[in-house]
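Participant:
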Amino acid sequence: MKFLKAVLISVYVILLLLVLLPRLDNYWGRSQHARVFEELVEDPTKDPAEDPAEDPAEDDLIDRAEDIGGRGALKVTLLWNFSADLDLHVIEPNGTEIYFRNKKDIETGGYLDVDNMDGGRGSAENIYWENPPAGEYMVEVEYYKAKENVVRKGPCQVVVFKGNEEPVVYNLEMKTVGQRELVARIEIE
164 MKFLKAVLIS VYVILLLLVL LPRLDNYWGR SQHARVFEEL VEDPTKDPAE
214 DPAEDPAEDD LIDRAEDIGG RGALKVTLLW NFSADLDLHV IEPNGTEIYF
264 RNKKDIETGG YLDVDNMDGG RGSAENIYWE NPPAGEYMVE VEYYKAKENV
314 VRKGPCQVVV FKGNEEPVVY NLEMKTVGQR ELVARIEIE
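Numbered according to the working numbering, the sequence shown spans residues 164 to 352.
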């Protein structure tokens with residue numbers, strides 16, 4: 164009986180691979196199949212369409228962030244590639260916090276114009292000011308919610324564009340729901 168059970172399980176695994184791998188072929192090509200299979204065996208909850216371990220080059224991150232959402236004298240963009248709802252928060256000098264529950268500050272002109280709630284490859288959030296008031300801005304990232312049965316942690320980047328200065332990229336790892344990290348303090352004169 165044990166032998167029959169083992170044979171049935173083996174046949175099931177082979178059939179599963181025969182169905183799964185050709186579908187992934189359209190996405191990655193055949194050279195990636197072995198890696199995908201190994202990752203699925205190591206962590207069956209991992210979504211093979213996402214690979215947060217591969218961080219794009221800094222210039223690519225800056226270019227990508229530049230194209231997302233509005234622009235102004237101060238622009239803060241959050242980027243990530245795994246299935247989680249991360250939230251960008253900026254606390255302004257007047258104490259107002261701009262984030263998904265308070266998207267716009269009429270007094271300062273700060274505006275959250277891109278709010279991603281699903282996560283996945285190419286996720287982003289963006290807050291910008293055309294003419295930000297002087298003072299200190301605190302940039303934070305919160306791990307708000309995770310999707311079921313997929314990668315639940317990974318790297319993210321915050322790109323800060325300030326006036327005519329070179330953009331600055333901050334890298335951090337988000338690991339658990341509820342985690343909130345202070346990323347940067349930005350001084351506007």
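All residues carry an ideal CB built from backbone N, CA and C; glycine is no exception.
Quick caveat, the model's predicted, so the values are computed rather than measured.
Based on the DSSP secondary-structure assignment, which residues constitute the bridge partners of residue 301?
Facilitator: Numbered from its first residue, the sequence shown carries residue 301 at position 138. Note: residue 301 sits in a beta bridge opposite 254, 348.
Participant: Classify residue 281: buried if its beta carbon has 16 or more other beta carbons within 10 angstroms, exposed otherwise.
Facilitator: By one-based count along the sequence shown, residue 281 stands at place 118. Burial call: exposed.
Participant: Can you tell me the Cα-Cα spacing of residue 250 and residue 177, whole angstroms?
Facilitator: Reading the sequence shown from its first residue, position 87 is the one you call residue 250. Reading the sequence shown from its first residue, position 14 is the one you call residue 177. Rounded to the nearest angstrom, the two C-alpha atoms are 41 Å apart.
Participant: Let me know if residue 240 comes out buried or exposed under the rule of 16 or more other beta-carbons within 10 Å of its beta-carbon.
Facilitator: Residue 240 sits at position 77 when you count from the first residue of the sequence shown. By the neighbour-count rule (16 or more Cβ atoms within 10 Å), residue 240 is buried.
Participant: In three-state terms, what does DSSP make of residue 290?
Facilitator: For the purposes of this step, residue 290 is taken as residue 127 along the sequence shown, with counting starting at 1. Strand at residue 290.
Participant: My assumption, with CB atoms under 8 Å, is that residue 351 sits in contact with residue 307. Please give the rounded CB distance.
Facilitator: As a position in the sequence shown, residue 351 is number 188, starting the count at 1. As a position in the sequence shown, residue 307 is number 144, starting the count at 1. Residue 351 to residue 307, Cβ: 27 Å. No contact.
Participant: Quick check on the burial criterion: 16 or more other C-beta atoms within 10 angstroms. Buried or exposed for residue 232?
Facilitator: Here residue 232 is taken as the residue at index 69 of the sequence shown, counted from 1. Counting Cβ neighbours within 10 Å, residue 232 comes out buried, since at least 16 surround it.
Participant: Within the same chain, show all residues whose beta-carbon is closer than 7 Å to that of residue 234, passing over the 5 residues directly before and after it, in chain order.
Facilitator: On the sequence shown, position 71 is the one that residue 234 refers to. Same-chain partners within the cutoff: 291.
Participant: From this set, 266, 259, 276, which residue's C-alpha is nearest residue 230's C-alpha?
Facilitator: Looking up residue 230 in the sequence shown gives position 67. The shortest C-alpha separation from residue 230 is found at 276.
Participant: How many angstroms separate the CA atom of residue 336 from the CA atom of residue 328?
Facilitator: By one-based count along the sequence shown, residue 336 stands at place 173. By one-based count along the sequence shown, residue 328 stands at place 165. Cα-Cα distance, rounded: 26 Å.
Participant: How is residue 276 classed by DSSP in three states: helix, strand or coil?
Facilitator: Within the sequence shown, numbered from 1, the residue matching residue 276 stands at position 113. It is a strand residue.
Participant: What are the start and end residues of the alpha helix (DSSP H) that includes residue 270?
Facilitator: The count along the sequence shown starts at 1 and reaches residue 270 at position 107. No alpha helix (DSSP H) holds residue 270; DSSP gives it neither H nor E.
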